[in-house]
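Per the numbering used here, the very first residue in the sequence shown carries number 7; after that it's consecutive. Using N, Cα and C, we set each Cβ at its ideal position, and we do this for glycine too.
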Amino acid sequence: DGSAQTRLTDNSADDMNPIWSPDGTRIAFLSTRDGNSEIYVTVADRADGSAQTRLTNNTFADCCFAWSPNGARMAFLSDRDGNSEIYVMNADGSAQTRLTNHPALDSGPAWSPDGTRIAFISARDGNSEIYVMSANGSAQTRLTNHPATDCCFVWSPDGVRVASASWDSTV
């Protein structure tokens, strides 16, 4: 209803894109307080901001993160290796691992409801298509295949299907 609003961050930088952890105890967000976009997490019920932790730390932008369904891991986008790739890390920021490795733009990671797969958008075949891979980065498979731009996808609750938007920018 809009009551009981609480400020969780207080600095002059941009703090944005808050996403609750699946169990509701943490909120991950992006911040530019250290000069570029990095992923932070805070404890949801600590209104004083003392529980903020920086999860990523490099000179390139990290963004577009998604919690795994069990809250143990995050998938995210980073350009730390020279182009936009999908990475995963533990929820405490450890074990940051690149899953994709392609010169084209990869973006928009989203975990399947059971946490075994990650869907993402890639332009590796000439235009934006929807792909899916195992949570460890193996078995990268294109789901869509047509000249229109595919984006804005969502998993079905049972994890069997993916719905997406598509448009032809030449029309």
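So, with DSSP's three-state summary, where would you put Arg104? Of the three classes helix, strand and coil, the one that applies to Arg104 here is strand, per DSSP.
What three-state label does DSSP hand Asp7 in the structure shown? In this structure, DSSP gives Asp7 a state outside helix and strand, which the three-state scheme calls coil.
Pull the bridge partners of Leu36 from the DSSP assignment, please. Leu36 is bridged to Met22, Ile45.
Tell me the DSSP secondary structure of Pro153 in three-state form. Pro153 falls in the coil class under three-state DSSP.
Which listed residue (Ser118, Asp131, Asn96, Asp98) has its alpha carbon closest to that of Pro109: Nearest in C-alpha terms to Pro109, of all of Ser118, Asp131, Asn96, Asp98, is Asp131.
Three-state secondary structure assigned by DSSP to Leu83: It is a strand residue.
Looking at the unbroken beta strand (DSSP E) that takes in Ser71, where does it start and where does it end? Strictly speaking, residue 71 in this sequence is Phe, with Ser absent from that position. Where Phe71 is concerned, the enclosing beta strand (DSSP E) starts and stops at 68-73.
Would you be able to state if there are at least three C-beta pairs under 8 Å between the region 100-118 and the region 147-154? Pairwise C-beta distances place the region 147-154 out of contact with the region 100-118, as fewer than three of them are shorter than 8 Å.
Alpha carbon to alpha carbon, what distance is there between Leu36 and Met22? Distance between the alpha carbons of Met22 and Leu36: 5 Å.
Residues that DSSP places opposite Asp29 in a beta bridge: Beta-bridge pairing links Asp29 to no other residue.
Can you look up Asn96 in the DSSP assignment and give me helix, strand or coil? If DSSP states are grouped into helix, strand and coil, Asn96 belongs with the strands.
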